[in-house]
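Here's the structure we're looking at; comments come further down.
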Amino acid sequence: MELKVFGRWDTKDVVVHDPGLKRYISLRDVAVPHGGARNANKQFSQAEIHLVERLMNKLMVTGHEGKTHRRTSGRNTGKKMLAYRIVKEAFEIIEKRTKRNPIQVLVEAVSYASPREETTMLKYGGVSYHQSVDVAPKRRLDVALRFIAAGAAKSAFKKKKSLAQALAEEIISASKQDNKCYSISRKEEIERIAKAAR
Numbered sequence: 182m183e184l185k186v187f188g189r190w191d192t193k194d195v196v197v198h199d200p201g202l203k204r205y206i207s208l209r210d211v212a213v214p215h216g217g218a219r220n221a222n223k224q225f226s227q228a229e230i231h232l233v234e235r236l237m238n239k240l241m242v243t244g245h246e247g248k249t250h251r252r253t254s255g256r257n258t259g260k261k262m263l264a265y266r267i268v269k270e271a272f273e274i275i276e277k278r279t280k281r282n283p284i285q286v287l288v289e290a291v292s293y294a295s296p297r298e299e300t301t302m303l304k305y306g307g308v309s310y311h312q313s314v315d316v317a318p319k320r321r322l323d324v325a326l327r328f329i330a331a332g333a334a335k336s337a338f339k340k341k342k343s344l345a346q347a348l349a350e351e352i353i354s355a356s357k358q359d360n361k362c363y364s365i366s367r368k369e370e371i372e373r374i375a376k377a378a379r
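Given below as structure tokens:
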């Protein structure tokens, strides 16, 4: 029997075009993307966690972009089934709007929203300055998923649109490299700062 994500979407035809992210985007066959923290304390085992589950985990982080926000503090923390329903509904919206496999759209969104270069602080002779560095593939994937989840949370906060609708819009916009969407604009901002610090 062939396993499909949420019982609907097949990952066999999904192609990862970004060679740097190919190793870290897991698209193995699963019916329910929920590993039960099986890979929690193993080094480098995050690469084995399914991409859809990683997105669900990012949705459970408090506030915008992982920062605890006074009004959103603890809103979705630990609610895996809520995150599961949000992602499933978002995928249905993506499929209806784009007429494509939503997992392929998510893979494209993640590859376009992941920064390739960022800055780090260096101290030399008591003086701190920014230095441009390449981003590791695992971090690129984490940052892209965080930006997508944060952009969805930000656009749905105190609005009539649901988080699932906001997430679908963010993923579709990121897959089209739309500069107006949160994840792409944040990625370009990070890369612009890194370019100035070369």
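Remember, my numbering sits 181 above the position in the sequence shown when you count from 1.
No residue lacks a Cβ here, since even glycine has one placed at the ideal position from N, Cα and C.
Within a Cβ cutoff of 6 Å, which residues of the same chain sit near residue i, ignoring the five residues on either side of it in sequence?
| i | result |
| --- | --- |
| R321 | S295 |
| K203 | V197 |
| F187 | K269 |
| G201 | P318 |
| H311 | T300 and A378 |
| V291 | A325 |
| E356 | Here the sequence assigns Ser to residue 356, which means Glu is not the residue at that position. Here the set comprises V286, E289 and A290. |
| V314 | T301 |
In three-state terms, what does DSSP make of residue i?
| i | result |
| --- | --- |
| V268 | helix |
| T253 | Note on T253: pLDDT 49, under 50, position unreliable in the model; the coordinate value appears next. In the structure shown, T253 sits in coil (DSSP, three-state: anything other than H, G, I, E or B). |
Residue i lies in the alpha helix (DSSP H); which residues open and close that run?
| i | result |
| --- | --- |
| L236 | L232 to L240 |
| Y205 | First-last for Y205: undefined, no H or E at that position. |
| K368 | Y363 to A377 |
Tell me which same chain residues have a C-beta within less than 7 Å of the C-beta of residue i, skipping the five on either side of it?
| i | result |
| --- | --- |
| L263 | N257 |
Please return the same chain residues whose Cβ sits closer than 8 Å to the Cβ of residue i, not counting the five positions on each side in sequence.
| i | result |
| --- | --- |
| N282 | W190, D191, D194, V195 and E276 |
Jot down the residue ranges of each uninterrupted beta strand (DSSP E) in the stretch 280-349, minimum 3 residues, whole runs only, in chain order. 298-305 and 308-315, all fully within the stretch 280-349.
So does the stretch 222-231 actually touch the stretch 341-356, counting three or more Cβ pairs closer than 8 Å? The stretch 222-231 is not in contact with the stretch 341-356.
Taking 8 Å as the cut-off, does the stretch 281-290 touch the stretch 348-362 (at least 3 CB pairs, one atom from each stretch)? Short answer: they touch.
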